[in-house]
Ligand SMILES: Cc1ncc(C[n+]2csc(CCOP(=O)(O)OP(=O)(O)O)c2C)c(N)n1
Ligand SMILES: Cc1ncc(C[n+]2csc(CCOP(=O)(O)OP(=O)(O)O)c2C)c(N)n1
Ligand SMILES: [Mg+2]
Ligand SMILES: [Mg+2]
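Protein chains in written order, with my numbering: chain F, 6 to 332; chain L, 6 to 332; chain W, 4 to 338; chain Z, 4 to 338.
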């Protein structure tokens, strides 16, 4: 165990897998000498050379499409999309191709690849460097969508993603790269995809969330504890597959559920979680299922006060939690 | 009033708007001499010429991107995407550009355009000519997403969409083109976007749905009526904006809600509808909110028996309705 | 008669034996006859959809014949029946696909006709959105380069599809990394109803290669030996590490776009008839006849064999079992 | 001295008066000095982000100067500060944008610096995903053609961005419909850290034009009069209904990609220093001096004026009010 930054844990997973499996390689924009715009791949070109740490032309559909072809031949590409906002030109390759390759070929051809991308706001990234786009993909069977909230999970889930025989989208909150650090196992570390984690055990209300919001919810829960409110927190870790059992269990635990995500509310992942509970645990509820998300506007503004208005924070979450507890 | 096919009502709206507004034009693949692969634009090139009924190169991102530029200059493009499945290469233009043009420019530049596309299955279209992709877009503020279920609505809503100052996605179930016909007002006919319609008034259970499934639900309700079960049916007509009030009212009306869509269940529009009810009408419910959608597989198969397995039909819907009524 | 001698030995100059050119001819005929049978089945209501190779079998078979299907890979598009047969699928495989039966090696009955793919045959699974296979083929070629393997990847598409962003992004990637991939554009002058001049403004799609730093070659698709020759050159370059080639084969689609299309609204019968007269199969037949390789007897025996094979295949496929409805739920992910 | 005479009259041969070339020079300097100020503000923590035009002001201003901003339109990219100023935005407008103030004419404080757009100035609103503006400009040009209006649309992008599908699809559409649009590629040899030879394998991005059926022109971006000349030619062609032109201006990015970048890891100081010596502004200054148009005094007075203007603009913007937080909810749709 070593205390590590979230960003270093991600690199750890890639480096370890590349050392042990020659079919793993990374490709993307500026990931070579530049080490990625966030420095996630820093130092990797020095160890693995420019063929396995490949700077590509500026063309996301091409990056993903080429990775799909390489994966079909048994390589295990890890494609980095510089910001998740720029995954949109590659959506056709992801949804029409990666997600459907195994299904359409009746289990003959497969697509074992990972697409990594930083997402999320609060970093003055404005409309196109702040978005959360996971809701585009959690509806697409054939894909897996992983969003780790701790450094340990980042390493363990990314290792699992690289070894996964199917395409995995791996979304990293860019605000967490250098702000989150925790104990990370040193050697091989695999966290199975599809299992939510209880981050805090409580009895009054349940918060279901993922990504950076897990940390904000934890802070809010600390606050509420002082007020005598006990919070149960479920970190989904992957939104496709969703750990339904854990969702239902944690809802039943307290009977009061708040679903939180940074992404805008309407059509967000929160809807699915709420719907699962309304379908499978309705009579265990003591309050309406509340969703807290960003406002339904196209994206976060650059202006700092507007950005703060958009972004959730521990205080806003605490307010919703209080109201729910008081219900 | 004239009884018209769904497909003819769509053409009607375009032709009428093009006659009265010279800034309206249509562009897309094979929409000229060929009249579109479904013949929606049949005869239009003869009346309006090849500049206003423009066959484009085979490139959807280009089609949408060019339409955005034309719209910025005050034209009102109606872009046809040949099958909604092929909208995916244009997702970046739709979400990054069309949806955000007004917002990012602080109300300076706008994007008054319509994107029409046939969707839906049951026509031996297999994986890539059967999909429902509305769930990709109902999460995107800045867009409107309209899905008419009657010929009259098709005309009225498309007229509204063409006149709308913002981008509207207009999805037409291809199975309805020639199977649905109803009374359509002859002259100008506008149905405001964002208002759901009660298609059947009932007291035991509520079905909330849209598109072809409205008709299947109506047939199922006829069946159930014989069994003494009274069904209330809400046709959403647009899924962005969602008519929240109508959803909540119709849920309260019977206390038992079934949400139905052809699209696969997880992450579909049904989640949002269920979540709205769970948030705003929880204590009016007498049963868990049930969602009925396609199975969570990448898409419909070509094989007829597999396709039938995937597709909802009146019988499957009736089964869910019965179970809900009996709850 | 010197000229004739030269003419007659063209295939030998290319290193092709008489048996090989006969085999090529047989493959073309097979593609054509399978295709014709598909239309019959469609028109009699037995299969819901056909997308046709007719008119393009010549360049398809010639291109595929230049490859080594035991080593090389193909990422064909929906018209490439000729390629698929040359890569080793049988008419029975194809009819199983058309009938969407459980045994369909391409998709187990899941995909529409013309959506080929089978690992055993070195054919990548294809989808409907056009041009997506182009970056895939580039990725396959990247795998060859990274692993130091010598296989070449063939990828085909129509001229209309060369206007998709994926064509551009795929070609550019391959150019930058000098990958062993051959971009084979079957320019049949229409994208469904849209004629060439409304699709592209350049003289030749092959002109686009210069923008990616590799050669672009235009070839008369009805001259199958010439197609074979430029393919062989391209394959040699690819195997030598000299990178990709874009080949544009000028051809023609003799049928409507698909069984759902009616081409009479956008082109004349005269134009189609004219193209039929230049059909690659007919041109090659004449060549083989002049070369004394194809006698009338031989032709008849080939055709009889093919008819028999196609009858057998049709019957087999027609009687084969469907995938179970519940199999819809399988293979979303690995087990 | 004949040679000199010819040299000195280059701008006159192009129909440019002394005042006009001085105005061009002033615009370039203005762009450079505004840009430099932005870095100061960034390094002192006053603005969170800068994306720079330094090194590219020359070709930018020359290109824009060839247009008529009262008639023509621009769809610039994030480096095009020179274009934006030439189209009529003031340094104050620009600083209001950098500081994300309510009065920012480009986005009301919503977008990152360098995301220009204002209808009043005939500048289309731009986004961050590269190359999306290319089809937009084609659509604007389509509007000109459909309405029979004579405006020309300019659209710019980096050489890295010319690898996006949208470049291909936009150019092809414009070629097929012969639209009045000018594709202006500012080839500064890097896409962030990725050097030209890892981005494209062709000799010149301009070589791609042939694949779209219109002319491609390579021009030395540091020779601003030559940039002006090829732009004028392209505009003439566009207005005459002869369709698009792709112009590739060879230039260099003198700063890191943005304030978040560190270019020392991927290029040498020597390379940057070398480029600085060929900087378009310096070359043009020498030209104007040799032509006797730009005296030292004149230069000083221009600079003083600009410094004053920039000081005023900085101060104004720094003290200007922010949009209200709640305004986040406005303008998702028309009211
Ligand atoms: C992305 C996408 N858009 C539209 C279609 C519908 N479509 C199928 S084939 C075709 C025309 C293809 O023309 P071309 O590339 O010339 O190939 P050809 O059919 O002529 O061989 C179109 C528009 C599609 N399959 N994919
Ligand atoms: C679609 C997309 N992918 C990635 C990025 C991130 N990005 C911003 S600028 C840039 C490099 C652009 O290079 P080039 O086109 O040469 O323009 P330059 O910055 O050199 O002027 C990249 C990769 C982006 N903005 N959009
Ligand atoms: Mg074609
Ligand atoms: Mg550049």
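Built from N, CA and C at the ideal position, the CB exists for glycine as well.
| request: Could you work out which residue in 225/W, 171/W, 152/W, 50/W is closest to residue 160/W when comparing CA atoms only? | output: One-based indexing of the third chain puts residue 160/W at position 157. Residue 171/W is the option with its Cα nearest to residue 160/W.
| request: Step through the CB atoms of chain L and report whether any lies within less than 9 Å of the CB of residue 294/F. | output: Within the first chain, numbered from 1, the residue matching residue 294/F stands at position 289. So, interface residue.
| 4 or more residues per run - each alpha helix (DSSP H) lying fully within the region 194-234 of chain F | Complete alpha helix (DSSP H) runs here, min 4: 217-231.
| query | Does the beta-carbon of residue 130/Z have 16 or more other beta-carbons within 10 angstroms, so that it is buried, or is it exposed? | reply | For the purposes of this step, residue 130/Z is identified with residue 127 of the fourth chain, where counting begins at 1. Buried.
| field | Cβ of residue 149/L within 9 Å of any chain Z Cβ | value | Residue 149/L sits at position 144 when you count from the first residue of the second chain. For residue 149/L, the answer is yes, since a Cβ of chain Z falls inside 9 Å of its Cβ.
| said: Let me see if you follow: with CB-CB separation under 9 Å, is residue 311/F close to chain Z or not? | reply: Residue mapping note: residue 311/F aligns to position 306 of the first chain, counting from 1. Taking Cβ atoms only, chain Z reaches closer than 9 Å to residue 311/F, which makes this a yes.
| Is the region 138-148 of chain Z touching the region 67-76 of chain L in the sense that three or more CB pairs, one from each, lie closer than 8 Å? | Segments in contact, yes.
| said: For chain Z, check one thing: does any of its Cβ atoms lie closer than 9 Å to the Cβ of residue 321/W? | reply: One-based indexing of the third chain puts residue 321/W at position 318. Interface criterion not met: the Cβ of residue 321/W is under 9 Å from no Cβ in chain Z.
| task | Please determine if the region 311-330 of chain F and the region 102-109 of chain L are in contact, where contact requires at least 3 C-beta pairs separated by less than 8 Å. | result | Judged by Cβ distances under 8 Å, the region 311-330 of chain F makes no contact with the region 102-109 of chain L, as fewer than three pairs qualify.
| Contacts around residue 39/W, its chain only, beta-carbon distance under 8 Å, and the 5 residues preceding and following it disregarded | Along the third chain, one-based indexing puts residue 39/W at 36. Result list for residue 39/W: 57, in chain order.
| message | Please tell me whether residue 186/Z and residue 204/W are closer than 9 Å, where the distance is taken between their beta carbons. | response | If you number the fourth chain from 1, residue 186/Z lands on position 183. If you number the third chain from 1, residue 204/W lands on position 201. Contact flag unset, no.
| Would the beta-carbon of residue 193/W be found less than 8 Å away from any heavy atom of ligand 3? | As a working mapping, residue 193/W is identified with position 190 in the third chain. Residue 193/W Cβ: within cutoff of ligand 3.
| query | Which whole-angstrom value describes the C-beta separation of residue 243/F and residue 152/F, a residue pair presumed to lie in contact below a C-beta threshold of 8 Å? | reply | Locating residue 243/F in the first chain gives position 238, where the first residue counts as 1. Locating residue 152/F in the first chain gives position 147, where the first residue counts as 1. Their Cβ separation, rounded to whole angstroms, is 7 Å, which keeps residue 243/F and residue 152/F in contact under 8 Å.
| query | With 16 as the cutoff for other CB atoms within 10 Å, does residue 331/Z come out buried or exposed? | reply | Here residue 331/Z corresponds to residue number 328 of the fourth chain, with the count starting at 1. By the neighbour-count rule (16 or more Cβ atoms within 10 Å), residue 331/Z is buried.
| field | Pick from 122/W, 296/W, 156/W, 231/W that is closest to residue 75/W, judged by C-alpha positions | value | In the third chain, residue 75/W corresponds to position 72, counting from 1. The candidate whose alpha carbon is nearest that of residue 75/W is 156/W.
| said: Is the beta carbon of residue 113/F closer than 9 Å to that of residue 327/W? | reply: In the third chain, residue 327/W corresponds to position 324, counting from 1. In the first chain, residue 113/F corresponds to position 108, counting from 1. Going by C-beta atoms, residue 327/W is not nearer than 9 Å to residue 113/F.
| Which runs of the alpha helix (DSSP H) fall wholly inside the region 93-129 of chain W and span at least 4 residues, in chain order? | With a minimum length of 4 residues, the continuous alpha helix (DSSP H) runs that stay inside the region 93-129 of chain W are 94-101.
| field | Range covered by the alpha helix (DSSP H) that runs through residue 289/Z | value | Position 286 of the fourth chain, counted from the first residue, corresponds to residue 289/Z. Taken as a continuous stretch (DSSP letters only), the alpha helix (DSSP H) holding residue 289/Z covers 283-293.
| task | Report the residue from 291/Z, 248/Z, 323/Z whose alpha carbon sits nearest the alpha carbon of residue 20/Z. | result | For the purposes of this step, residue 20/Z is identified with residue 17 of the fourth chain, where counting begins at 1. Residue nearest to residue 20/Z within the set 291/Z, 248/Z, 323/Z is 291/Z (criterion: CA-CA distance).
| What is the residue span of the alpha helix (DSSP H) that residue 176/W lies within? | Stepping through the third chain from its first residue, residue 176/W is reached at position 173. In the DSSP assignment, residue 176/W falls within the unbroken alpha helix (DSSP H) covering 168-180.
| message | Let's see if you can read the secondary structure: which residues bound the alpha helix (DSSP H) around residue 317/Z? | response | Walking along the fourth chain from the start, residue 317/Z turns up at place 314. Where residue 317/Z is concerned, the enclosing alpha helix (DSSP H) stretches over 299-322.
| To which residues of the same chain is residue 77/W closer than 6 Å at the C-beta, ignoring the five residues directly before and after it? | By 1-based counting over the third chain, the position of residue 77/W is 74. Closer than 6 Å at Cβ, skipping near neighbours: 86, 90, 126, 157.
| field | DSSP state of residue 5/W mapped onto helix, strand, coil | value | As a position in the third chain, residue 5/W is number 2, starting the count at 1. With a pLDDT of only 44 at residue 5/W, under the threshold of 50, the placement of this residue in the model should not be trusted; the figure read from the coordinates follows. The answer is helix: DSSP assigns residue 5/W an H, G or I state.
| query | Does any heavy atom of ligand 2 sit closer than 8 Å to the C-beta of residue 38/Z? | reply | Within the fourth chain, residue 38/Z is the residue found at index 35, counting from 1. At a cut-off of 8 Å, the beta-carbon of residue 38/Z does not count as near ligand 2: no heavy atom of the ligand is closer than that.
| task | May I ask you to check if the CB of residue 175/Z is nearer than 8 Å to at least one heavy atom of ligand 4? | result | On the fourth chain, position 172 is the one that residue 175/Z refers to. No, the beta carbon of residue 175/Z sits no closer than 8 Å to any heavy atom of ligand 4.
| Is residue 264/Z near ligand 1, in the sense that its beta carbon is under 8 Å from a heavy atom of that ligand? | Here residue 264/Z is taken as the residue at index 261 of the fourth chain, counted from 1. Relative to ligand 1, residue 264/Z has its C-beta separated by 8 Å or more from all heavy atoms.
| query | Are the C-beta of residue 284/W and some C-beta of chain A separated by less than 9 Å? | reply | Any reference to chain A falls outside this structure, whose protein chains are F, L, W and Z.
| field | Closest Cα partner of residue 206/F within the set 195/F, 235/F, 332/F, 155/F | value | Position 201 of the first chain holds residue 206/F. Checking every option, the nearest Cα to that of residue 206/F belongs to 235/F.
| With a cut-off of 9 Å, does the C-beta of residue 112/L fall near any C-beta of chain Z? | Within the second chain, residue 112/L is the residue found at index 107, counting from 1. Closer than 9 Å: yes.
| request: Just tell me which of 227/F, 59/F, 267/F, 131/F has its CA closest to the CA of residue 198/Z. | output: Residue mapping note: residue 198/Z aligns to position 195 of the fourth chain, counting from 1. Minimum Cα distance to residue 198/Z is reached at 59/F.
| Neighbourhood of residue 305/F by C-beta, 6 Å cutoff - its chain only, sequence neighbours within 5 removed | Within the first chain, the letter at position 300 stands for residue 305/F. Spatial neighbours of residue 305/F in its own chain (CB-CB distance under 6 Å, excluding positions within 5 residues in sequence) are listed in chain order as 126, 135, 312, 315.
| Which of helix, strand or coil does DSSP assign to residue 134/L? | Residue 134/L sits at position 129 when you count from the first residue of the second chain. Three-state result, residue 134/L: coil.
| request: Check whether the region 91-111 of chain W touches the region 212-227 of chain W, counting contact only when three or more Cβ pairs, one atom from each stretch, lie closer than 8 Å. | output: No, the region 91-111 of chain W does not touch the region 212-227 of chain W.
| field | Sheet register partners of residue 261/Z (DSSP bridge) | value | Your numbering for residue 261/Z matches position 258 in the fourth chain. 54/Z.
| said: I'd like to know if residue 137/F contacts chain Z, where contact means its C-beta is closer than 9 Å to some C-beta of that chain. | reply: Locating residue 137/F in the first chain gives position 132, counting from the first residue. Chain Z, which has no Cβ nearer than 9 Å to the Cβ of residue 137/F, makes this no.
| task | Taking residue 272/W as the reference, give the member of 286/W, 256/W, 285/W, 283/W with the closest Cα. | result | Position 269 of the third chain, counted from the first residue, corresponds to residue 272/W. Residue 272/W has its Cα closest to that of 256/W, out of 286/W, 256/W, 285/W, 283/W.
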